[in-house]
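Here is the structure we will look at.
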Amino acid sequence: MSGVSPSELVARVLVSLSGIDPHWTLSGGGALVYVHLGHRTTKDLDLFWHGFRELGRLPAEVLRRLHDSGLTVVATETSPGFVRLRVTDTREVVLIDLVATPTEVVDGPERAVVAGQPLWVDSPHEILTNKLTALLSRSEIRDLIDIRALVDAGGDLERALRDAPRKDGGFSNATLAWVLNGFPVHAIARGEGLSATQIDAIEAFRVELVDRLTRLAAPE
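For what it's worth, the working numbering labels the leading residue of the sequence shown as 917, then goes sequentially.
In structure tokens:
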């Protein structure tokens, strides 16, 4: 499976921001949808600056470039290491997360062409590892959807589980199993526009993942 073509607004954003120095890396759902898998839709873009603890002047440069492209931009969250932007034209809305990521990269970025523009993109393994650690701190259906799609596409789950503590010192198979035991798939999915069949498949994957984590965490 490969990525899908971005919408006009997403393409404008990516092209507008492509020349920023130091460069960012497209990660998360945007990388999976537009480069690696194309398994769902998204209007979210995660732009990571690997090895940075703070964003510094970078948000101001991003805002300038987007404004110069004729887009309307509002910052909805700001901190030294994280900024969320709501970007609109006359038809679409895109949410952009600018993220300083000081944690270790376990699998180096790749070059890919998106909207005719060569960009740095996190690898499927890097994203799989990030998605596993994200489950410890948030209950997002899209994380389970993405992990399932990555594993189905050949992702090495056990390797990602071994790499996850390098990103989050509190991560363990037992801890993730405990968190997922209480993950209310049906309650969260009601507002996501998913069909009953899709929700049942996600729930089945959650149960399977908890079982696998429990077996991996058991002492030999």
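Yeah, the Cβ is synthetic: ideal placement off N, Cα and C, and Gly gets one too.
These numbers were taken from a predicted model, which means no experiment stands behind them.
As computed with DSSP, W965 is found in a beta bridge with A1016. The beta carbons of L982 and V989 sit about 5 Å from each other, so the pair counts as a contact at 8 Å. In chain order, T992, E993 and D1013 place their CB closer than 6 Å to the CB of R1000, counting only its own chain and leaving out the 5 sequence neighbours on each side. Using a 10 angstroms sphere on the CB of P1018, the tally of other CB atoms stays under 16, which defines it as exposed. With a 10 Å radius around the Cβ and a threshold of 16 neighbouring Cβ atoms, H1102 comes out exposed. In terms of Cα proximity to L961, the closest of P938, D1005 and V1037 is V1037. If you look at L1051, you'll find it isn't in any alpha helix (DSSP H); DSSP assigns it neither H nor E. Annotation for P1034: no alpha helix (DSSP H) segment contains it, though the beta strand (DSSP E) segment containing it runs Q1033 to V1037. A Cβ-Cβ separation of about 6 Å places S934 in contact with L1035 under the 8 Å criterion. Considering only G967, Y950, W940 and H952, the residue with the shortest C-alpha distance to P975 is W940.
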